[in-house]
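Here the structure is laid out as structure tokens; the discussion comes afterwards.
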Ligand code: HSE
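In this note's numbering, the protein residues as written are 15 to 338.
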């Protein structure tokens, strides 16, 4: 059954969490909204907000392309679409904006087609589209997601975040393309560094799963990607080294950066100190940044099917939830 109109609210994500390169992800309480329906005439796009500026408004648009992949997989024919999108997730900053768009389009198109594809199938398609499963897994399932993708099979285990886990991110004003940040990585690493990351990542997963917040500082260390990306983000090394001295449970580069992420015990009395440390350190290195307090998102995509009042404009309908 083809549904009339669907609206999906999809969370941002952070990837790697330090040592879990291309493997660990966590959904964050920062969102994008995508609405989709079959169009009467030609395909139309309504892209709202600064982050959407410059994105193609024709059939080369990623959301349209992803939707058509779902329809092809599902054997349904919906060539013309109305697609509306607004996002609070900053672009090219390491907060999974492209993964959220991919997941939002997959979930919306699947719902429009009557939900013929399983979540597992959507996860597989999303991992293939993104090239790695960490951001898309978190956006698709919510919470903390441990994932593996070997190019043909995607598997994951979801971990419920500890109830006291809060997140402070420092989002620099400059953008860093994931491609550039991946190019900074070496093609070979030493065995001792591989062992270091296996130990750290395994311990981090166990610590997050068991709620052992005190182990996060030791477990969040990485030798696979962060040392090589640090030269691209002035101030990063100092923040990763010293954030725990200012009240963080642990610190990492968020995804490919440039956003820096700290995990914090929500009951901490040192939040203002940590926030000032992040801002001041980046400033000392000539980097302006915005800090945001976020929570782990627990729900993944939230879907409304055919429940929206079309006499109210898209932005009005989602406005209560938009940050600004
Ligand atoms: N795991 C990816 C990376 C996340 O670090 O390159 C960014 O998309």
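Glycine included, each C-beta is placed from N, C-alpha and C at the ideal position. This structure is a prediction, so every number in the text was calculated from the model and none was measured.
Residue i - containing alpha helix (DSSP H), residue span
i	result
residue 331	328-332
residue 252	250-256
residue 292	285-298
residue 33	Looking at the DSSP string, residue 33 is not in any alpha helix (DSSP H), and its letter there is neither H nor E.
residue 241	240-243
C-alpha gap between residue i and residue j, whole angstroms
i	j	result
residue 22	residue 196	30 Å
residue 63	residue 328	12 Å
residue 312	residue 41	7 Å
residue 159	residue 126	26 Å
residue 205	residue 316	42 Å
residue 118	residue 333	18 Å
residue 164	residue 150	15 Å
residue 285	residue 180	10 Å
residue 319	residue 66	24 Å
residue 98	residue 49	5 Å
residue 111	residue 154	13 Å
residue 104	residue 72	22 Å
residue 233	residue 136	31 Å
residue 295	residue 307	18 Å
residue 14	residue 209	For the chain, the structure presents residues 15 to 338; residue 14 sits outside this window and is missing.
residue 52	residue 93	8 Å
residue 330	residue 17	22 Å
residue 338	residue 207	Per-residue confidence for residue 338 stands at a pLDDT of 48, beneath the threshold of 50, marking its modelled position as unreliable; the derived number appears in the next sentence. For residue 338 and residue 207, the distance between alpha carbons rounds to 43 Å.
residue 76	residue 259	42 Å
residue 223	residue 168	20 Å
residue 241	residue 131	40 Å
residue 148	residue 324	35 Å
residue 239	residue 35	7 Å
residue 248	residue 192	17 Å
residue 246	residue 298	15 Å
residue 79	residue 173	31 Å
residue 60	residue 47	12 Å
residue 178	residue 279	5 Å
residue 166	residue 143	12 Å
residue 342	residue 26	No statement about residue 342 is possible, as the shown extent of the chain runs from 15 to 338 and does not include it.
residue 221	residue 113	26 Å
residue 187	residue 275	15 Å
residue 189	residue 106	5 Å
residue 217	residue 30	14 Å
residue 251	residue 212	21 Å
residue 303	residue 290	11 Å
residue 28	residue 116	15 Å
residue 120	residue 134	12 Å
residue 326	residue 198	47 Å
residue 140	residue 129	16 Å
Residue span of the beta strand (DSSP E) that contains residue i, given as start and end
i	result
residue 226	Neither: residue 226 is in no beta strand (DSSP E) and is coded neither H nor E.
residue 279	274-279
residue 306	303-308
residue 316	316-319
Backbone secondary structure at residue i - three-state DSSP
i	result
residue 102	coil
residue 206	helix
residue 5	An answer regarding residue 5 cannot be provided, because it is not within the stretch 15 to 338 covered by the chain.
residue 66	helix
residue 84	helix
residue 27	strand
residue 338	Bear in mind that the predicted position of residue 338 carries a pLDDT of just 48, short of 50, making it unreliable; the figure below should be weighed with that in mind. The answer is coil: DSSP assigns residue 338 none of H, G, I, E or B.
residue 174	coil
residue 95	strand
residue 324	coil
residue 22	strand
residue 312	coil
residue 41	strand
residue 168	strand
- Item | Uninterrupted beta strand (DSSP E) stretches inside the region 100-165 (no shorter than 3 residues) | If you keep only unbroken beta strand (DSSP E) runs of at least 3 residues inside the region 100-165, you get 158-163.
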